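Numbering-wise, this note's numbering puts 131 at position 131 of the sequence shown, and it's gapless, one number per residue. C-beta: ideal position from N, C-alpha, C; glycine also. Predicted model, so just to flag it, every value in this text is computed and none were measured. One structure below.
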Amino acid sequence: MWCGKHLLCRSMQHTHMDNEKNFKSLKDLGLYEEIDDILENIPTNSFVSQLWSREMNGIGADGVIFKRVVNHVLTWYHLLYSNNRPPTTNHKRTFFVEYHVPGLFALSKATDILSFHWCEYELQAIKGIFMMFDNEFNLLKTPKRYMDALGRMHSMSNMEIVIVEASSGALTEDVSHSVGNTIKTIECATASLLNEAMKYKNTSIKTFKKLEVFSIHIIKNKMSLSNTSVNDQYTWNRIDMRSAEIPTDWRSRIYLLKYFELLATLMLLHNNYII
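So, in structure tokens, the structure goes:
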């Protein structure tokens, strides 16, 4: 069961909406004005050299790390947009790799908090749950869930903590596929949480409620970040946190601010705990 109409859930949802509108994560890192200035004012023909030569003073360690993410992502997009040709194919995997993978890859390498596995990587939590609850467990009959990307923590539990599903290429959306992937990310996020609960059976519900799994759902050039957590013994929380549209041409690069806000939010949330 889900607590979408619960007052606490609605309060959390409104808080994230306000934080997104105010670019809270980027401001907490001390980078909002810096990234805005980069996107608005650095000339295209000297963009990469000026980007990497800018000095950063007065920001904390997390800000320094995330600025590395920003630099790598913008360097990639500067190259990607250099021929001024928008996407011409609706091939899902091509668009996913070119436009959506670079930010997640840079985030994982710069922070070293988690590692991503790409393109139809199997979620292991499903197996763990069936092994625990099915007395006639048969590996060949266990449901399999393959993710477009799966982020696993660098920790003792190796928790599957970021679930990524792309539902379309750049040009058109298959609505039924998008709906199916929404259900899939919910199923896989709760499976990951249940799998962790089985590893730490003596953990209190109060402590376990602090654990979250993050889902990223991609439809065309829009990326949405949500989190799933335990509400109580009977219900789950599912909260939309951030969304961003990744531009497909260099002239629209200012819209990358919202994309960096999404990535910064993901980084700061991961920094809150190591399992």
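With respect to the beta strand (DSSP E) encompassing Trp118, which residues constitute its N-terminal and C-terminal limits?
-> DSSP places Trp118 inside the beta strand (DSSP E), whose first and last residues are 114 to 122.
Quick one: residues in its chain with C-beta nearer than 8 angstroms to the C-beta of Tyr146, no 5 flanking neighbours on either side, listed in chain order?
-> Listed in chain order, the non-local C-beta contacts of Tyr146 below 8 angstroms within the same chain comprise Glu120, Tyr121, Glu122, Leu123, local neighbours out to five positions each way being set aside.
Collapsed DSSP secondary structure at Tyr327 in the structure displayed | Since the first residue shown for the chain is 1 and the last is 275, residue 327 is missing from the structure and cannot be characterised.
State the beta-bridge partners of Met223 as determined by DSSP.
-> According to DSSP, which records beta bridges pairwise, Met223 is partnered with Ile218, Ala244.
Flag this pair as yes or no: are the beta carbons of Ala149 and Ser192 separated by less than 8 angstroms?
-> Not a contact, by the Cβ cut-off of 8 angstroms.
When burial is assigned at 16 or more other CB atoms within 10 Å of the CB, is Asn217 buried or exposed?
-> Here the sequence assigns His to residue 217, which means Asn is not the residue at that position. Under this definition His217 is a buried residue.
From Asn271 to Thr185, what does the alpha carbon distance come to, in whole angstroms?
-> Distance between the alpha carbons of Asn271 and Thr185 is about 22 angstroms.
Just confirm the distance between the C-beta atoms of Ser224 and Ile239, as a whole number of angstroms; I'd bet it's less than 8 angstroms.
-> Between Ser224 and Ile239, the beta carbon gap of about 11 angstroms keeps them out of contact (Cβ cut-off 8 angstroms).
Pick out whichever of Ile65, Thr228, Pro86 has its Cα sitting closest to the Cα of Ser108.
-> The residue among Ile65, Thr228, Pro86 with its C-alpha nearest the C-alpha of Ser108 is Ile65.
Are the beta-carbon atoms belonging to Thr75 and Val101 less than 8 angstroms from one another?
-> Against a cut-off of 8 angstroms, the Cβ pair of Val101 and Thr75 comes out as no contact.
Cα-Cα separation between Phe260 and Tyr234, rounded to whole angstroms | Just so you know, the alpha carbons of Phe260 and Tyr234 end up roughly 35 angstroms apart.
Indicate whether Trp236 and Thr228 have their beta-carbon atoms separated by less than 8 angstroms.
-> Yes, the Cβ-Cβ distance between Trp236 and Thr228 is below 8 angstroms.
The alpha helix (DSSP H) with Ala110 in it runs from where to where?
-> 101 to 111 is the extent of the alpha helix (DSSP H) around Ala110.
Within 8 angstroms, strictly: CB atoms of Ala110 and Val69 = Judged by beta-carbon spacing, Val69 lies within the 8 angstroms limit of Ala110, meaning their Cβ atoms are closer than that value.
What separation, rounded to the nearest whole angstrom, lies between the Cα atoms of Tyr32 and Gly103?
-> Approximately 17 angstroms between the Cα atoms of the pair.
Same chain only: Cβ atoms within 7 angstroms of Ala284, ignoring 5 sequence neighbours per side | This structure gives no information on residue 284, because the portion of the chain shown stretches from 1 to 275.
Unbroken alpha helix (DSSP H) run spanning His261, endpoints = The residue asked about is misnamed: residue 261 is Glu in this sequence, not His. Where Glu261 is concerned, the enclosing alpha helix (DSSP H) starts and stops at 256 to 270.
Span separating the alpha-carbon of Lys92 from that of Ala166 | Cα to Cα, the separation comes out at about 7 angstroms.
Given a threshold of 16 other Cβ atoms within 10 Å of its Cβ, counted over all protein chains shown, does Val179 qualify as buried or as exposed?
-> The residue in question, Val179, is exposed, as its Cβ has fewer than 16 Cβ neighbours within 10 Å.
What is the DSSP secondary structure of Asn237, counted as helix, strand or coil?
-> Of the three classes helix, strand and coil, the one that applies to Asn237 here is strand, per DSSP.
Give the range of the beta strand (DSSP E) segment to which Glu98 is assigned.
-> Per DSSP, Glu98 belongs to no beta strand (DSSP E) and is neither H nor E.
Just tell me which of Glu34, Leu194, Ala106, Thr94 has its CA closest to the CA of Ile59.
-> Nearest to Ile59 by alpha-carbon distance, out of Glu34, Leu194, Ala106, Thr94, is Glu34.
Which of the three DSSP states, helix, strand or coil, is assigned to Thr228?
-> Judged by DSSP in its simplified three-state form, Thr228 adopts strand.
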